[in-house]
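*Asks:* Let me begin by handing over the structure; questions about it come next.
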Amino acid sequence: MSVKNPQTREWQDLSRDHHLAPFSDYKQLKEKGPRIITKAKGVHLWDSEGNKILDGMAGLWCVAVGYGREELAEAAASQMRELPYYNLFFQTAHPPALELARAITEVAPAGMSHVFFTGSGSEGNDTNLRMVRHYWALKGKPQKQVIIGRVNGYHGSTVAGAALGGMSGMHEQGGTLPGIVHIAQPYWFGEGGDMTPDAFGVWAAEQLEKKILEVGEDNVAAFIAEPIQGAGGVIIPPETYWPKIKEILAKYEILFIADEVICGFGRTGQWFGTDYYDLKPDLMTIAKGLTSGYIPMGGVIVRDEVAAVLSEGGDFNHGFTYSGHPVAAAVALENLRILRDEKIIERVQAETAPYLQKRLRELNDHPLVGEVRGLGMLGAIELVKDKATRTRYEGKGVGMICRQFCFDNGLIMRAVGDTMIIAPPLVITCEEIDELVEKARKCLDLTLEALK
Ligand code: PXG
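If you count by the numbering used here, then the sequence shown holds residues 23 to 474, one letter each, in order.
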C-alpha cells in the first residue's frame with residue numbers, strides 16, 4: 023500500500039516492532055504493514071491516509087447501531103464515574119449487571135430468563151462447555167460429557183472455543199480438547215454435490231442423529247451450532263435443515279446451545295436467529311451486537327429448567343474478573359435501549375434487509391458470481407470460474423484479490439476463501455446499500471479483469 027501520511031508509516035513501524043496481531047498472516051503483515059483505521063461515523067470508517075470506507079462488516083459483525091453514538095459514550099462515562107468496577111463473585115452484585123440481565127431476558131425467547139455474563143463470545147462458549155457438563159453432573163449423569171459441534175463452525179478462539187468450532191487451522195494450532203466431536207456443515211453450495219438443497223439439508227441434519235448414536239446418547243451433553251454460520255462464510259442452511267435438527271433434538275435427551283454471537287440482536291431481522299428459525303435452545307451464547315462492539319462483553323442466556331438445576335447445585339466454580347463489568351453493562355443497556363426505541367430491528371425486517379437482499383441478488387448476473395445468498399443483514403457472494411458446475415478458480419486466491427480491490431475502492435467485504443461476505447451495521451440506509459452494492463459490482467469487475 024502506498025503511503026502519503028508520514029504518521030501512517032510510524033504506526034506501521036509500531037505494528038512491526040511491537041504488536042502481535044490476532045488472525046493475521048504475520049509474514050505478509052510485516053512486509054505490507056496494516057491499514058490504520060483512525061475514526062468512524064455511522065457506517066463509514068476513515069483510515070490514516072484519509073480514505074473513507076463503507077464498513078460492510080460492521081467491524082467484526084458487531085457494530086449494530088453504527089459508529090459514533092454519543093449516548094453509548096455517555097453511558098460509559100457516567101458509569102465510570104459512579105462505579106467503574108466491581109465484581110459479581112462471592113455473593114455481591116451491582117445494578118448495571120442485574121438490570122442488563124433483565125433487559126436481555128425481556129427480548130430473549132420465552133422461558134430463558136437467566137444470564138451468565140462473560141467478557142467475550144469465546145468466554146461464553148467456555149462457560150457453555152463447563153455449564154452443560156456441570157448441569158448433567160447435578161442431574162446424576164456425569165458421564166454426559168461429549169459436545170457435538172460442526173465442521174467449519176466458529177465458536178471463538180479460546181481453547182474451548184476453538185475446539186467447539188470446526189476450523190481445522192485452529193485445531194492444528196493447539197485448539198483441540200477431548201470430548202468434542204464434529205459433524206458436517208449444511209453448506210450446500212460448497213458440499214451439496216448432486217443433491218438438491220432440500221435433500222442435502224436433510225442429509226446434513228441426519229449426521230447429528232448418526233453422531234448421537236455413535237457416541238451414545240448417555241455420553242452426549244450438548245449440540246452446539248450457529249443458526250447461520252458467520253465466520254464460516256455466511257452459510258444459510260437449506261430450508262429442510264433446522265426442522266430436521268429440531269426433530270432429532272426432540273428425540274434425545276441432550277442440550278442445545280445456539281451460538282447467537284453473530285445472529286443475535288437483530289442481524290436476521292429478529293432479535294435472535296433462533297426466533298427466525300423457531301428453535302428452542304437451552305443455552306444461547308451472546309456477544310458482539312450486545313454492546314454494538316463499543317466495549318467487550320458476552321454471556322450465556324440460560325433456559326429456566328437448566329437455571330433451576332444450577333440454582334440447587336451449590337458452587338459453580340466458574341467466572342471472570344470482568345463478568346458483567348459495570349461499564350460494559352451500562353453500555354449494553356443503552357445499546358439495547360437504542361435498538362428498541364429506534365425500532366432498528368423492525369426497520370431491518372420491514373425495509374432495509376429486503377432492500378439489501380434484492381440489490382445483492384442483482385449481482386447474480388455477474389460472470390464471476392456463482393451464487394448470492396443472504397438473509398437479514400447478512401450476505402454472501404460465491405466467486406466461481408463456472409456458474410453451472412460451481413467450479414472454483416483453484417489456487418488463485420480470488421477472494422483475497424477481490425477483498426483488496428474492495429479495500430482500495432472504499433468498501434470492506436471479508437473474504438472466506440472465495441466467498442465474499444457482508445454484514446453491515448443494522449442502521450445502514452437504502453442509499454448506503456446502493457453505495458455498497460455499486461462498489462461491490464465494481465470490485466467484482468476489477469477482480470474478473472485481474473484474472474484474465
Ligand atoms: N461465536 C461466534 C458465532 C462468533 O462469530 C465467537 C463466538 C467468539 O466471540 P469473541 O468475542 O470471543 O471473538 C464469534 C466471533 C471473522 C471473525 O473473521 C468472526 C468472529 C471473531 C473474529 C473474526 O469472521 N466471531
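Note that the Cβ used here is the ideal one computed from N, Cα and C, for glycine as well.
(1) Kindly indicate the opening and closing residues of the beta strand (DSSP E) around Met442.
(2) Can you name the start and end residues of the beta strand (DSSP E) that Gly254 belongs to?
(3) Can you find at least 3 beta carbon pairs, one from the region 53-61 and one from the region 27-41, that sit closer than 8 Å?
(4) Once DSSP output is grouped into helix, strand and coil, what is the label at Asp69?
(5) How about Asp47: is its Cβ closer than 8 Å to a heavy atom in the ligand PXG?
(6) How is the alpha helix (DSSP H) around His156 delimited, first residue to last?
(7) Pick from Leu76, Ile317, Asn27, Gly88: whose alpha carbon is nearest that of Pro447?
(8) Would you call the region 331-349 and the region 100-115 in contact, with 3 or more CB pairs under 8 Å?
(9) What residue from Met399, Thr60, Gly321 has the CA that sits closest to Asn27's CA?
(10) Would the C-beta of Pro106 count as close to the ligand PXG, meaning under 8 Å from any of its heavy atoms?
(11) Throw me the rounded Cβ distance for the Ala354 and Leu122 pair, which I believe falls under 8 Å.
(12) Can you pull the DSSP bridge partners for Lys63?
(13) Considering Arg2, what are the terminal residues of the beta strand (DSSP E) in which it resides?
(14) Can you name, in chain order, every residue of its own chain whose Cβ lies under 8 Å from the Cβ of Lys232, other than the five neighbours on each side?
(15) Is there at least one non-hydrogen atom of the ligand PXG closer than 8 Å to the beta-carbon of Thr180?
(16) Taking Val87 as part of the beta strand (DSSP E), name the residues at either end of that continuous run.
(17) For Gly187, count the other beta carbons within 10 Å of its own beta carbon; 16 or more makes it buried, fewer makes it exposed. Which is it?
(18) On the criterion of 16 or more Cβ atoms from any shown chain inside 10 Å, does Asn339 qualify as buried, or is it exposed?
(19) Hey, out of Leu82, Asn357, Val154, whose CA is closest to Val324's CA?
(20) Taking the C-alpha atoms as reference points, what is the distance between Phe245 and Gly392?
(21) Leaving aside the five residues before and after Gln229 along the sequence, list all residues of the same chain whose C-beta is less than 6 Å from its C-beta, in chain order.
(22) Three or more C-beta pairs under 8 Å: does that hold for the region 467-474 against the region 416-426?
*Replies:* Based on what the coordinates show:
(1) As a position in the sequence shown, residue 442 is number 420, starting the count at 1. Taken as a continuous stretch (DSSP letters only), the beta strand (DSSP E) holding Met442 covers 441-444.
(2) For the purposes of this step, residue 254 is taken as the residue at position 232 of the sequence shown. In this chain, Gly254 is not harboured by any beta strand (DSSP E), its DSSP state being neither H nor E.
(3) These segments touch.
(4) Position 47 of the sequence shown, counting from 1, holds the residue named residue 69. Strand, per DSSP.
(5) As a position in the sequence shown, residue 47 is number 25, starting the count at 1. At a threshold of 8 Å, Asp47 does not count as near the ligand PXG, since its beta carbon sits no closer than that to any of the ligand's heavy atoms.
(6) Taking the sequence shown and counting its residues from 1, the one referred to as residue 156 is at position 134. Where His156 is concerned, the enclosing alpha helix (DSSP H) starts and stops at 143-160.
(7) Numbered from its first residue, the sequence shown carries residue 447 at position 425. Nearest option by C-alpha distance: Gly88.
(8) Under the three-pair Cβ rule at 8 Å, the region 331-349 counts as touching the region 100-115.
(9) Taking the first residue of the sequence shown as 1, we reach residue 27 at position 5. For the options Met399, Thr60, Gly321, the alpha carbon positioned closest to that of Asn27 is the one of Thr60.
(10) Start at 1 with the first residue of the sequence shown, and residue 106 comes out as number 84. In this structure, the C-beta of Pro106 stays at least 8 Å away from each heavy atom of the ligand PXG.
(11) Counting from 1 along the sequence shown, the entry for residue 354 is found at position 332. Counting from 1 along the sequence shown, the entry for residue 122 is found at position 100. About 5 Å; that satisfies the 8 Å criterion.
(12) As a first step, residue 63 is located in the sequence shown; it is residue number 41 there, counting from the start. Residue pairing by DSSP puts Lys63 in a beta bridge opposite His66.
(13) With the chain covering only 23 through 474, there is no way to say anything about residue 2.
(14) The residue given as residue 232 occupies position 210 in the sequence shown. Within the same chain, and ignoring the five residues on either side of Lys232 in sequence, the residues whose Cβ sits closer than 8 Å to its Cβ are Ile205.
(15) To locate residue 180, count along the sequence shown from 1; it is residue 158. Flag set: Cβ of Thr180 near the ligand PXG.
(16) Position 65 of the sequence shown holds residue 87. Note, Val87: premise wrong, no beta strand (DSSP E); not H, not E.
(17) Residue 187 sits at position 165 when you count from the first residue of the sequence shown. The C-beta of Gly187 has 16 or more other C-beta atoms within 10 Å across all chains shown, which makes the residue buried.
(18) As a working mapping, residue 339 is identified with position 317 in the sequence shown. Asn339 comes out exposed.
(19) Position 302 of the sequence shown, counting from 1, holds the residue named residue 324. It is Val154.
(20) Walking along the sequence shown from the start, residue 245 turns up at place 223. Walking along the sequence shown from the start, residue 392 turns up at place 370. For the pair Phe245 and Gly392, the Cα-to-Cα distance works out to about 31 Å.
(21) Taking the sequence shown and counting its residues from 1, the one referred to as residue 229 is at position 207. The residues are Ile205, Ala206.
(22) Judged by Cβ distances under 8 Å, the region 467-474 makes contact with the region 416-426, as three or more pairs qualify.
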